[in-house]
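Heads up: the sequence lines are chains A and B, in that order.
Residues -17 to 315 (the numbering used here) are what the first sequence spells out, left to right.
Residues -17 to 315 (the numbering used here) are what the second sequence spells out, left to right.
Note that CB positions come from ideal geometry on N, CA and C, so glycine has one too.
All figures in this text were calculated on a predicted structure; none of them were measured in a lab.
Have a look at the structure below before the remarks.
Protein chains: 2
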Amino acid sequence: MTLRKPYLLFLGEETLPVKAKTAYGLRDWVPEACLGQIRMPEGTVDLGLPAMTPAQAAAAGAGSLVIGVTPRGGHIHPGWHRLLLDAVDAGLDIVSGLHTPLHAVPGLAQAAARAGVALVDVRRPPDDLPRATGIKRSGKRALTVGTDCALGKKYTALAVTRALQAAGVAADFRATGQTGLMIAGQGIAIDAVVADFIAGAAECLSPDNAADHWDVIEGQGALFHPAFAGVTLGLLHGSQPDALILCHDATRTHVMSWPDYPLPSLTDAARLYEQTARLTNPAARVVAVSLNTSSLDEHAAARALQTASAELGVPAFDPLRSRLDGVVAALLA
Amino acid sequence: MTLRKPYLLFLGEETLPVKAKTAYGLRDWVPEACLGQIRMPEGTVDLGLPAMTPAQAAAAGAGSLVIGVTPRGGHIHPGWHRLLLDAVDAGLDIVSGLHTPLHAVPGLAQAAARAGVALVDVRRPPDDLPRATGIKRSGKRALTVGTDCALGKKYTALAVTRALQAAGVAADFRATGQTGLMIAGQGIAIDAVVADFIAGAAECLSPDNAADHWDVIEGQGALFHPAFAGVTLGLLHGSQPDALILCHDATRTHVMSWPDYPLPSLTDAARLYEQTARLTNPAARVVAVSLNTSSLDEHAAARALQTASAELGVPAFDPLRSRLDGVVAALLA
Chain A
-17 MTLRKPYLLF LGEETLPVKA KTAYGLRDWV PEACLGQIRM PEGTVDLGLP AMTPAQAAAA
43 GAGSLVIGVT PRGGHIHPGW HRLLLDAVDA GLDIVSGLHT PLHAVPGLAQ AAARAGVALV
103 DVRRPPDDLP RATGIKRSGK RALTVGTDCA LGKKYTALAV TRALQAAGVA ADFRATGQTG
163 LMIAGQGIAI DAVVADFIAG AAECLSPDNA ADHWDVIEGQ GALFHPAFAG VTLGLLHGSQ
223 PDALILCHDA TRTHVMSWPD YPLPSLTDAA RLYEQTARLT NPAARVVAVS LNTSSLDEHA
283 AARALQTASA ELGVPAFDPL RSRLDGVVAA LLA
Chain B
-17 MTLRKPYLLF LGEETLPVKA KTAYGLRDWV PEACLGQIRM PEGTVDLGLP AMTPAQAAAA
43 GAGSLVIGVT PRGGHIHPGW HRLLLDAVDA GLDIVSGLHT PLHAVPGLAQ AAARAGVALV
103 DVRRPPDDLP RATGIKRSGK RALTVGTDCA LGKKYTALAV TRALQAAGVA ADFRATGQTG
163 LMIAGQGIAI DAVVADFIAG AAECLSPDNA ADHWDVIEGQ GALFHPAFAG VTLGLLHGSQ
223 PDALILCHDA TRTHVMSWPD YPLPSLTDAA RLYEQTARLT NPAARVVAVS LNTSSLDEHA
283 AARALQTASA ELGVPAFDPL RSRLDGVVAA LLA
């Protein structure tokens, strides 16, 4: 699945930035791919990008209109239909991570066929995914894994990819979720894959590569999450990571929204991730801890990083606060 | 997903019993649900059931025609179309585990709508599966888990269910694969569920029940299988098993067809299953070993069972050879 950049970001009628996380993520991580923004008259979210109509964006070289908001229920609002049809007529692909498939918008599929553009539901994985082979691939791989969901696995993978590239190392970010996929312009929404093909999809995501090339793979879920651990394990096995970067929120004690499920210690988490990862890559090891310290002051954050690093004997960093030299050195060691 | 019994078993043009494993499984496990058989003129596989046309079967009370063979590629042969239409016209549901969806047979969906019967693709899970909640359910649960695929997890679950029932214990077999689903008349093909919903599907499969009721759940895959471990882990977490029955083939040393993947020891397998199962049920433990000794003579089988039992300190049995008193006692202990 490959998306056509650059993007025109659609913000709907949102007034709350939190409902436009996808758009902000794109603006922050791939500003060079974000040509402009467009919103409905009621909308107030502002990315600070030039306002453009689909026709203006297409004339300026845009490849796709990306739906950058997540309304309640994940539905495509009927009020958007006209705009989506206009975008298609202007020659833009439409990219959506919403629950409603783009083909459900009346007339959109026909208009897209006429215009020769694509309707891309990033939640929908390719139809022809294979089962995993377990065969070792060339190149190096890092995977971000977590003690829980929603604590920085995507952010960490993006930051580490950038840090490797800045250090002159050939590296690619490999997206496994919707926002990551839009940032990278390619990837597979791994949690939408049929269970039998999770590891197979993960194998496709980071194919054979040069021996010194790094794929930095966005993790999903957590082995300690009672709903999503299956996704995590399949992704872990198919990724065959040489290096695991263990992500944790410094102040979280339970699985988010699941008070009956306490989180493991970093030691226990690292042990289970390493043990299970070694099925497909006996060399797999946790090389660094990525600690989300967003709810700590600077002093407490520094202490938490020190404690985490001491517990596992590897560098600890907060990708929003720390230099990434330590993790880069650990990966290349 | 609930199937309408009893069945008319369709055997296609098969001449090899191994390609009719589904039909044999049904005949062996639910003879009371197998009313008759029907085959194409070229077919020679014989279950020893009365030959019946769809109309005769319907008149005798049949609820469904079940496709009991697996032709190469999993396709519905065009030569079968007439027979399937006849079955629908006679008032039978059609049940298929093949790759080709029943709706792809020209005219079949319309005929089924007209006749008011169902076309059931057992590979296709329900559309409305929820994500897992992790909330503990009432009743007791056993799950068969394995060192590998295809070594007797379904057979073991069926045999243990029967043994519990014979001992006067309220027990249900819970199917997670196609043949199991046809035997039980209900269930969910867990490997066909979208990754995000594996554990949620497993939760649906064994709902709240009486405190002394046992659900015996058919396991899938293996935590040690590089392609399918994600399915296994999601099923394990959603099942919340009190008891694990560890299934192993006494002579298998590697994952079947994957010579680079050696199997774990029983001890290591039991440890990882218990550790991961305890996320959703802290009381989970391996209570017995089910050993497939089909390639050993009686003496060697007895020795293998003894060795396995001694290694884990729990009863070991071969469901095809042994009495099941030991495992029943272990479950009820």
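{"Item": "Could you tell me which chain B residues have their CB closer than 9 angstroms to the CB of A:Gly116, listed as they occur along the chain?", "Value": "His207, Pro208, Ala209, Val237, Trp240, Asp242 and Tyr243"}
{"Item": "Expressed to the nearest angstrom, what Euclidean distance is found between the alpha-carbon atoms of A:Gly128 and A:Glu(-5)?", "Value": "34 angstroms"}
{"Item": "Can you tell me the Cα-Cα spacing of A:Ile172 and A:Ala211, whole angstroms?", "Value": "12 angstroms"}
{"Item": "So which of A:Ser46, A:Ala33 and A:Ala5 has the shortest CA-CA distance to A:Pro(-12)?", "Value": "A:Ser46"}
{"Item": "Can you name the start and end residues of the beta strand (DSSP E) that A:Trp62 belongs to?", "Value": "First-last for A:Trp62: undefined, no H or E at that position."}
{"Item": "Between B:Ala72 and B:Ala37, is the Cβ-Cβ spacing less than 7 angstroms?", "Value": "yes"}
{"Item": "Give every residue of the same chain whose Cβ lies closer than 7 angstroms to the Cβ of B:Asn263, excluding the five residues on either side of it in the sequence, and list them in chain order.", "Value": "Gln222, Pro223 and Asp224"}
{"Item": "Listing by chain order, which chain B residues have their CB less than 8 angstroms from the CB of A:Val176?", "Value": "Asp173, Ala174, Val175, Val176 and Ala177"}
{"Item": "Under 7 angstroms between C-beta atoms, does A:Val102 make it to chain C?", "Value": "This model lacks chain C altogether; the protein chains it does include are A and B."}
{"Item": "Can you grab the Cα-Cα spacing for the pair B:Pro301 / B:Ala282, in whole Å?", "Value": "16 angstroms"}
{"Item": "Considering B:Cys186, what are the terminal residues of the beta strand (DSSP E) in which it resides?", "Value": "That residue, B:Cys186, is in no beta strand (DSSP E); its alpha helix (DSSP H) goes Ile180 to Leu187."}
{"Item": "Cα separation between B:Arg267 and B:Leu226?", "Value": "6 angstroms"}
{"Item": "So B:Ala122 is in the alpha helix (DSSP H); what residue range does that whole segment cover?", "Value": "Just to set this straight, residue 122 of chain B is Lys in the shown sequence, not Ala. No alpha helix (DSSP H) contains B:Lys122, which is instead part of the beta strand (DSSP E) from Lys122 to Gly128."}
{"Item": "Where do the N-terminal and C-terminal ends of the alpha helix (DSSP H) with B:Asp381 fall, by residue?", "Value": "Residue coverage of chain B in this structure runs from -17 to 315, which leaves residue 381 of chain B outside it and unanswerable."}
{"Item": "Is it the case that the Cβ atoms of A:Lys1 and A:Val70 are separated by a distance below 7 angstroms?", "Value": "no"}
{"Item": "If contact means a Cβ-Cβ distance below 8 angstroms, which residues of the region 177 to 191 of chain B contact chain A?", "Value": "Ala177, Asp178, Ile180, Ala181 and Gly182"}
{"Item": "Does the beta carbon of A:Leu215 come closer than 7 angstroms to any beta carbon on chain B?", "Value": "yes"}
{"Item": "Going by alpha carbons, who is nearest to B:Gly61 out of B:Val271, B:Leu133 and B:Glu24?", "Value": "B:Glu24"}
{"Item": "Listed from N- to C-terminal order along the chain, which residues in the region 258 to 281 of chain A have their beta-carbon within a distance smaller than 7 angstroms of any beta-carbon of chain B?", "Value": "Leu261 and Thr262"}
{"Item": "List, in order along the chain, the chain B residues whose C-beta lies closer than 7 angstroms to that of A:Arg123?", "Value": "Per Cβ cutoff of 7 angstroms: no residues; A:Arg123 is ~15 angstroms from chain B at best."}
{"Item": "Under 7 angstroms Cβ to Cβ from B:Gly121, same chain only, skipping five residues before and after it: list those, please.", "Value": "Asp190, Asn191, Ala192, Ala193, His195 and Asp197"}
{"Item": "With C-beta atoms as the reference, is B:Val87 less than 7 angstroms away from B:Leu66?", "Value": "yes"}
{"Item": "At a cut-off of 6 angstroms, would you count B:Leu313 as near the ligand HEM, judging by its Cβ distance to the nearest heavy atom?", "Value": "As for the ligand HEM, it is missing from this structure, which has no ligand bound."}
{"Item": "Could you pull the DSSP bridge partners for A:Phe155 from this structure?", "Value": "A:Val198"}
{"Item": "Would A:Ala40 and A:Leu17 be called neighbours here (beta carbons separated by less than 7 angstroms)?", "Value": "no"}
{"Item": "Among residues of its own chain, excluding the 5 on either side of A:Val309, which ones have a beta-carbon nearer than 8 angstroms to its beta-carbon?", "Value": "Val142, Ala145, Ile227, Val269, Ala270, Ser272, Pro297 and Phe299"}
{"Item": "If you check the beta carbons only, do A:Arg113 and B:Ala184 fall under 7 angstroms apart?", "Value": "no"}
{"Item": "Over the uninterrupted alpha helix (DSSP H) stretch that includes A:Arg253, give me the two end residues.", "Value": "Leu248 to Ala259"}
{"Item": "Check each candidate in A:Arg253, A:Gly167 and A:Leu245 and name the one with the smallest Cα separation from A:Glu14.", "Value": "A:Gly167"}
{"Item": "If we count the other Cβ atoms within 10 Å of its Cβ and call it buried at 16 or more, is A:Gly56 buried or exposed?", "Value": "exposed"}
{"Item": "Would you kindly report the start and end of the unbroken beta strand (DSSP E) that includes A:Val268?", "Value": "Arg267 to Asn274"}
{"Item": "Would you kindly work out how many angstroms separate the C-alpha atoms of B:Glu256 and B:Arg123, rounded to a whole number?", "Value": "14 angstroms"}
{"Item": "So is A:His230 buried or exposed if we call it buried at 16+ other beta carbons inside 10 Å?", "Value": "buried"}
{"Item": "Given this structure, state the Cα-to-Cα distance separating A:Leu84 from A:Ala139, to the nearest angstrom.", "Value": "29 angstroms"}
{"Item": "Taking C-beta to C-beta, are B:Ile49 and B:Thr82 nearer than 7 angstroms?", "Value": "no"}
{"Item": "Can you tell which of B:Cys131, B:Ala93 and B:Asp250 has its C-alpha closest to the C-alpha of B:Leu294?", "Value": "B:Asp250"}
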